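Colleague: I am attaching a structure below and will ask some questions about it afterwards.
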Amino acid sequence: MEKTEARRAYGSTFFGFTFISYGQRGKQGRTSFQVKKRKKLEKRIRLITKRNRGVSIEVVIKELNRVLVEWIGDFARRYLERLMGWIRRRIRQYLWKQWRNGKNRKHRLRQRGVDKWKLEKWELGSNSYWKMAEVMKAFIDIEILHQHYKLADIPGYYNKLRAERIGQDGIVLDFRYNSLFC
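In this note's numbering, the protein residues as written are 3 to 184.
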């Protein structure tokens with residue numbers, strides 16, 4: 003197989019990106035990452051945030067931050083924002099599992115400043131970790147995950163890198179679709 007070839011850009015894949023046209027001649031198209039890359043990243047995140055790993059939340063978040071910073075240049079900002087929402091929910095799920103019983107859960111949430119009446123309202127007894135992770139969004143919000151647990155703000159970091167690149171190159175990309183380094 004030859005390494006070089008001449009072909010149309012539309013539908014071609016290059017370094018994991020597919021070029022997509024809007025169908026208007028002379029107009030700017032966009033790039034899209036391959037689904038295979040997305041699935042590979044999500045599988046890796048699932049392995050890191052697996053509930054039965056038996057490691058502390060600090061270790062999990064340190065591994066997550068490393069993986070996310072590695073992959074930041076491969077995806078568009080819109081996808082990274084959706085991905086971070088899913089990751090935050092998986093972290094809350096991991097915390098709920100790690101806290102084990104109701105007494106410890108109430109104690110941990112009270113440490114984070116949750117009112118007693120809120121704790122009693124939900125009774126904190128659901129066995130579905132995924133459902134409780136959604137409820138815990140009210141208790142453990144984005145700021146707590148970023149400040150207390152040191153989860154990286156990937157969309158913010160992405161915007162910072164993008165601004166630096168625009169300053170260096172003078173290139174303006176449609177940031178909703180194009181990745182950082184494409």
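Glycine included, each C-beta is placed from N, C-alpha and C at the ideal position. Since this is a predicted model, take the numbers as computed values, not measurements.
Who are the near neighbours of SER14 in its chain, counting only those whose CB is closer than 6 angstroms to its CB and skipping five residues on each side?
Modeller: Excluding sequence neighbours, SER14 sits near PHE21.
Colleague: Quick one: is the Cβ of TYR159 within less than 7 angstroms of any heavy atom of the ligand PLP?
Modeller: Annotation note on the ligand PLP: not contained in the displayed structure, which lists no ligands.
Colleague: Quick check for students: name the residue ranges of the alpha helix (DSSP H) that lie wholly in the region 86–174, counting only runs of 4 or more.
Modeller: For the region 86–174, whole alpha helix (DSSP H) runs of length 4 or above, ordered along the chain, are 104–113, 118–124, 131–137, 144–149, 156–171.
Colleague: Going along the chain, which residues of its own chain have a beta-carbon closer than 6 angstroms to the beta-carbon of LEU153, five neighbours each way excluded?
Modeller: Same-chain partners within the cutoff: ILE63, LEU147.
Colleague: In three-state terms, what does DSSP make of ARG79?
Modeller: Residue state, collapsed to three classes: helix.
Colleague: I'd like the ranges of any beta strand (DSSP E) spanning at least 3 consecutive residues and lying wholly in the region 7–65.
Modeller: Counting only runs of 3 or more, we get 19–22, 32–35.
Colleague: Under 8 angstroms, do ILE59 and TYR151 count as touching if we go by C-beta distance?
Modeller: Cβ atoms of ILE59 and TYR151: closer than 8 angstroms.
Colleague: Write down the C-beta distance between ALA135 and GLN95 rounded to the nearest angstrom, noting that I regard them as a contact closer than 8 angstroms.
Modeller: ALA135 to GLN95, Cβ: 4 angstroms. Contact.
Colleague: Considering only residues of the same chain and omitting the five flanking positions on each side of GLU65, which have a CB-CB separation below 6 angstroms?
Modeller: Same-chain partners within the cutoff: ILE50.
Colleague: How many Å lie between LYS118 and ARG48 at the Cα?
Modeller: Between LYS118 and ARG48, the C-alpha separation is close to 33 angstroms.
Colleague: Out of curiosity, what's the CA-to-CA distance linking LYS52 and SER130?
Modeller: Going by the C-alpha atoms only, they are around 15 angstroms apart.
Colleague: Hey, how far is the Cα of LEU121 from the Cα of ARG92?
Modeller: Going from the Cα of LEU121 to the Cα of ARG92 covers about 21 angstroms.
Colleague: Contact between the region 77–89 and the region 102–119: three or more CB pairs below 8 angstroms?
Modeller: Short answer: they don't touch.
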